[in-house]
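Here is the structure we will look at.
In our numbering, the protein residues as written are 623 to 708.
What follows is the structure in C-alpha cells.
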C-alpha cells in the first residue's frame with residue numbers, strides 16, 4: 623500500500639492527490655517523502671510538509687525552509703521550529 627501511495631506523490635499527479643498522499647505517508651513517518659515534499663514546486667505542498675518535518679524532528683530541513691522563496695513557507699517553518707523550542 624505504501625508503494626502505491628508513494629506513486630501518488632509523484633509530481634505528475636494533481637496537487638490534491640499529492641497532498642492526500644503526503645498526509646498518509648507523513649503518518650507512516652516516510653521521511654524521504656516528507657523531505658521531497660519540502661522541496662515540491664507547489665507552495666501548498668511545501669507548507670504542508672512543514673508540519674510533518676516537525677513531527678519527524680527534521681530540524682535541518684525546517685531551518686533550510688527559512689530560506690524558501692515563499693513567505694508562507696518561511697512563516698510556517700518558523701512556526702514549526704518555535705513549536706520545537708528552536
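Every residue, glycine too, gets a C-beta built ideally from N, C-alpha and C.
Is the beta carbon of residue 671 closer than 8 Å to that of residue 644?
What you label residue 644 is simply residue 22 of the chain shown in a count that begins at 1. What you label residue 671 is simply residue 49 of the chain shown in a count that begins at 1. For residue 644 and residue 671, yes; Cβs fall inside 8 Å.
Measuring alpha carbon to alpha carbon, tell me which residue in 655, 649, 673 is nearest residue 698.
Stepping through the chain shown from its first residue, residue 698 is reached at position 76. Nearest of 655, 649, 673 to residue 698, Cα basis: 673.
Would you mind sorting residue 701 into buried or exposed? The rule is 16 or more other CB atoms within 10 Å of its CB.
The residue you call residue 701 lines up with position 79 of the chain shown. Burial call: exposed.
Residue 695 and residue 656 look like a contact to me (Cβ under 8 Å); what is the Cβ gap, rounded to whole Å?
Translated into the one-based positions of the chain shown, residue 695 becomes position 73. Translated into the one-based positions of the chain shown, residue 656 becomes position 34. About 14 Å separates the two Cβ atoms, so there is no contact after all.
Residue 679 in three-state terms, based on DSSP:
Residue 679 sits at position 57 when you count from the first residue of the chain shown. Reduced to three states, the DSSP call for residue 679 is coil.
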